[in-house]
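Q: Below you will find the structure I want to go over with you.
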Amino acid sequence: MTTVTRARGGWWHDFVCPTHGTELLEARGDAFVCTYGCELHGEPYASAWLVLEHQAAARLARTASRRFRRHGDPADQAQALAIVREFADYSAEITAEWNRDSESWMLQGKLFKQALTEAIWATQIADAVVVLAEDEAAREAMGTPVATMLEALMETIVESRRVLVIDRDDLTSNYVAWLDAAGGLATRALAAVGGVAPHGDQARWIEQAVVHSAVAIGQDGWEWEGSTYYHLFVLRAYLLTLAGADPAALDPALVDRLRRMVDVLVGFAGPDGRLPMLHDGPYDRLGVHLEVLEICVLAGQLWDRTGLDAVEAWARRRIGAGHDGLEDLLDGWFSGAPLAMSGDAPGRGSALFADVGYAVVRSEASSLQAVLDAGPHGGSHGHLDTLALYLYGDGVAWQPAPGVPPYGSALRRDYYARTTAHPTVRADDADQLESSAHVERWEVDPASDTTLVHASSSEAIAGVRLDRRVESTGGILIDVLRAATADGSLRTFTSALRPAVPFEVVQHGDGWRTGWSGPSGRRLHGHHVADVASVLVDAPGRGPSDDPTVPLAVGDWTATAAQVTFVSVFAEAEVSPITSIRLDAGRLVVGLSDGRTLERELLP
C-alpha cells in the first residue's frame with residue numbers, strides 16, 4: 001500500500017486559515033478545512049499539507065522501526081521499510097533538481113521548498129534507517145536505493161550549509177544546527193546500510209555543533225534570538241546530532257552549553273511546567289509539545305538528572321492519550337552512561353537571564369510568576385514588546401506571551417509581533433521601535449521572600465525613557481511602569497493589560513480593580529492607580545495566537561502627559577488580600593486585609 005505521496009512539499013506555515021488565523025486541521029479530499037468550517041483549495045495549502053504529510057510519514061517510519069526493535073512485530077518492520085523505500089524511490093526522481101517553488105529568502109530544498117524542512121525530515125528518516133539496519137534482512141531490503149537517497153541528501157545538506165555559512169555569512173542561524181543534525185544522522189544511516197559518507201564521519205558534524213553553539217548560545221544559556229521556541233528548536237537539534245555518541249567523550253564546552261540550555265527551561269518554566277512562549281513560536285501546538293517531550297527524554301539520557309520533570313509532565317498532559325509513543329522508544333540514544341550532573345539543579349526561585357534580558361520573578365507565598373522582557377529585540381523572530389510583563393500561575397496563563405500563528409498568516413506581523421498584542425507601553429498608539437532594555441537593578445532576598453527587578457529603555461519609543469520596576473514580596477506583586485518624554489512634550493501613553501482569561505474592570509475611588517478568572521475558580525486580583533489623570537478602558541481584543549478569533553476583554557490604560565507612572569498591584573487568591581492602594585507624595589501605599597501596610601517609593 002502506498003503511504004508516501006510522490007510530490008514535493010511546500011512550507012508548512014502556509015497551512016493556516018487566512019480568515020481566522022488558525023492552523024488548518026487536515027485534508028478532506030481536495031479541501032483543507034479550518035476549525036470554523038472554512039474549506040480551502042489548491043495552493044499554497046496543498047503543498048503545505050504535503051510537508052505535514054511527509055513529516056508524519058517519516059515519524060511513522062521512525063516509530064514503527066523502534067517498535068519493531070522493542071517488540072519484534074514484523075508488521076512494524078514492514079511498515080517502516082515501506083515508507084523508507086517509497087521515499088528513496090521518489091528521491092531518485094527529484095534529487096538532481098532543486099525545488100523551483102522555493103522563495104528567494106529561503107534556503108532552497110529539493111523534497112521541500114526549504115532545506116530546513118528537509119533537514120528536519122531527514123533526521124527522522126535517517127534514525128529509522130539506522131534502527132532498521134540492525135536487522136540483516138531489513139538492511140538488504142533497503143539496499144542501494146536507500147544508500148543513494150542518503151548520499152543525495154548529504155549533498156543537499158553540505159551545499160545548503162555552504163550557502164548559509166559562507167555565501168550568507170550566517171553561522172548563528174538556527175538552520176545551521178538542523179543541517180548539522182541532519183548531516184550527523186544521515187552519516188550514521190549511510191554507514192548502517194554499508195555506504196561511505198563522502199563528507200567525513202559523524203565526528204565532523206558534532207564538531208560543527210560545538211562551533212555553532214559557541215556563537216549561538218549566550219553565557220546565560222539562551223539561544224541568541226530570545227525566542228522560547230527557537231531555543232527549544234536548537235537544543236533539540238544539538239541532542240539529535242549527538243546520536244550514538246558517548247557522553248563521556250563529548251567536548252566539555254558543548255556539554256556545558258547544553259547543560260545551561262536545559263537549565264534555562266527548568267528556570268523559565270511556570271509552576272505547572274508550562275514554558276512561556278516569548279517572541280515567535282506557536283503558543284499551544286501539538287508538534288511543539290512533542291518536541292519538548294523529545295528534548296526531555298534525550299536530555300534525560302545525557303545526564304543522570306535534569307530537573308525537567310515538570311516540563312515533561314506538562315508536555316505529556318498537552319499531548320494527551322493519542323500519543324503514538326515514539327519518544328518513549330528513544331532509549332539507547334547515547335552509547336555510554338549518563339553524565340553525573342554536578343551541583344544542585346536550578347530551583348524554583350527567581351532568576352535573571354542576563355544576556356537575553358529576561359527576569360523571572362517568583363514568591364514562595366504564591367504560584368504567581370512574572371516574566372519581564374528587558375532584552376534585545378531578537379532579530380527576525382523578535383517582537384516589539386520591550387518591558388512587557390507576562391503573568392503565569394499554576395495551571396493558568398493569566399497574561400501570557402501570546403506567540404504567533406503559522407507564519408503564512410498576516411496576523412503574525414500585523415498583530416502578534418506588534419506592541420499592541422503585548423502587556424507593555426506604547427505612545428500615541430504606535431508600535432515600539434526594535435530596541436533593547438537594560439536591567440538597572442536585581443535583588444533577591446529569600447529571607448523576606450522578596451525579589452525586585454528594575455529595567456529601563458530609551459530606545460523603544462523615540463524621545464521617551466521607559467522604566468519598569470517589578471517586585472514580588474510575600475505573594476504580592478507590585479508593578480511600577482513609568483514613561484517620560486525627554487523634552488517635556490505631551491504624549492498619549494497606553495499601558496496594556498492583555499489577559500488570556502475572562503477579565504473585568506471596575507473603577508474604584510481614584511483607580512481601578514480588575515478581576516481575572518482562571519479555571520476551577522482561580523482568581524487573580526489587580527489594583528491599579530496612576531499619578532496623573534488616566535482612564536482604564538475595558539476593550540474587546542484578541543487572545544493568544546493558537547486561536548486569534550477568540551474574543552477576550554483586554555485593558556488599555558491611557559494618560560496624556562509628559563510623564564506618567566502606572567502602578568498595578570496583583571495577588572492570587574479567592575478574595576483579594578489587598579484592601580487599598582494609593583499614591584502619597586511619591587510613595588505607593590498598599591493596605592492589606594491582615595492590617596499590614598506596604599509602602600514603597602516610586603521610581604526616582
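Here the sequence shown is numbered in the UniProt record's numbering, starting from 1 and rising by one per residue. We put the CB at the ideal spot given by N, CA and C, even for glycine.
What does DSSP give as the partner residue(s) for THR123 in the beta ladder?
A: Note: THR123 sits in no beta bridge, so no partner.
Q: For MET1, which three-state DSSP category applies?
A: Here MET1 scores only 48 on pLDDT, less than 50, and its place in the model should not be relied on; the value that follows carries that caveat. Three-state result, MET1: coil.
Q: Hey, would you say GLY21 sits closer than 7 Å to LEU411, going by beta carbons?
A: yes
Q: For the stretch 86-93 against the stretch 155-173, are there 3 or more C-beta pairs whose distance is under 8 Å?
A: no
Q: Judging by CA-CA distance, which residue of LEU603, VAL575, ALA31, VAL16 is the nearest neighbour of ASP594?
A: VAL575
Q: Excluding the five sequence neighbours on either side, which residues of its own chain have a C-beta within less than 8 Å of the C-beta of VAL196, listed in chain order?
A: Cβ neighbours of VAL196 beyond the five flanking positions: LEU190.
Q: Using alpha carbons as the reference points, say which of LEU242, LEU387, LEU258, ARG204 lies closest to ASP220.
A: Considering only alpha carbons, the answer is LEU258.
Q: For a cutoff of 7 Å on Cβ pairs, would you count ALA340 as touching chain C?
A: No chain C is part of this structure, which consists of one protein chain only.
Q: Have a look at GLY218, HIS381, ALA533 and flag the residue whose alpha-carbon is nearest the alpha-carbon of ALA417.
A: HIS381
Q: Do ALA119 and TRP178 have their beta-carbon atoms positioned less than 7 Å apart in this structure?
A: yes
Q: First and last residue of the alpha helix (DSSP H) that includes VAL311?
A: 309-319
Q: Specify, as a first and last residue, the run of the alpha helix (DSSP H) that SER160 falls within.
A: DSSP places SER160 in the uninterrupted alpha helix (DSSP H) bounded by 136-162.
Q: Give me the Cα-Cα distance between ASP167 and SER173, rounded to the nearest whole angstrom.
A: Spanning the two alpha carbons is a distance of roughly 13 Å.
Q: Would you check if there are 3 or more beta carbon pairs closer than 8 Å linking the stretch 462-472 to the stretch 366-374?
A: Contact between the stretch 462-472 and the stretch 366-374 is present, because at least three Cβ pairs lie under 8 Å.
Q: Please go through the same chain and pick out, in chain order, the residues whose beta-carbon is closer than 6 Å to the beta-carbon of ASP246, but skip the five residues on each side of it.
A: Excluding sequence neighbours, ASP246 sits near SER335, GLY336.
Q: Whole angstroms are fine: how far does the CA of VAL165 sit from the CA of ALA209?
A: 13 Å
Q: What first and last residue would you give for the beta strand (DSSP E) that runs through HIS438?
A: From DSSP, the beta strand (DSSP E) with HIS438 extends over 438-445.
Q: Does the count of Cβ pairs from the stretch 562-575 and the stretch 476-495 closer than 8 Å reach three?
A: Segments in contact, yes.
Q: Any idea which residues DSSP pairs ASP373 with across the strands?
A: TYR358
Q: Please go through the same chain and pick out, in chain order, the residues whose beta-carbon is closer than 6 Å to the beta-carbon of VAL234, but skip the five residues on each side of it.
A: ASN174, ALA177, GLU223
Q: Are the stretch 349-357 and the stretch 530-537 in contact at 8 Å, needing three or more beta carbon pairs?
A: no
Q: Does DSSP put ARG305 in a helix, a strand or coil?
A: coil
Q: Give the single residue among LEU352, VAL590, PRO519, PRO544 whose Cα lies nearest to the Cα of GLY526.
A: Scanning LEU352, VAL590, PRO519, PRO544 for the CA closest to the CA of GLY526 turns up VAL590.
Q: Should HIS41 and ALA31 be called a contact, given that it needs their Cβ atoms to be closer than 7 Å?
A: yes
Q: Can you check whether the CB of GLN124 is closer than 7 Å to the CB of ALA58?
A: In this structure, the beta-carbon distance from ALA58 to GLN124 falls below 7 Å.
Q: Could you check the C-alpha separation between TRP557 and ASP180 for me, to the nearest Å?
A: 48 Å
Q: From ASP14 to GLY320, what does the alpha carbon distance come to, in whole angstroms?
A: 26 Å
Q: Please classify TRP105 as buried or exposed, where buried requires at least 16 neighbouring CB atoms within 10 angstroms.
A: Sixteen is the threshold: since fewer than 16 other Cβ atoms of the shown chains lie within 10 Å of the Cβ of TRP105, the residue is exposed.
Q: Going by CA-CA distance only, name the one from PRO502, GLN507, GLY509, ARG513 that's closest to TRP520.
A: The amino acid at residue 520 is misidentified as Trp; the sequence shows Ser. For SER520, the nearest C-alpha among the options comes from PRO502.
Q: Using DSSP with H/G/I as helix, E/B as strand and the rest coil, what is THR22?
A: coil
Q: Could you give the distance in angstroms between the alpha-carbon of VAL506 and the alpha-carbon of TRP442?
A: Answer to the nearest angstrom: the Cα atoms are 33 Å apart.
Q: Where ALA133 and ALA64 are concerned, what is the direct C-alpha to C-alpha distance, given to the nearest angstrom?
A: 13 Å
Q: Assuming SER545 contacts PRO446 under a Cβ cut-off of 8 Å, what Cβ separation, rounded to an integer in Å, is found between them?
A: 36 Å between Cβ atoms; not a contact.
Q: With a 10 Å radius around its C-beta and 16 neighbouring C-beta atoms as the bar for buried, classify ASP331 as buried or exposed.
A: exposed
Q: Rounded to the nearest angstrom, what separates TRP398 and SER160 at their Cα positions?
A: 42 Å
Q: Considering only residues of the same chain and omitting the five flanking positions on each side of ALA138, which have a CB-CB separation below 7 Å?
A: GLN77, LEU81, LEU132
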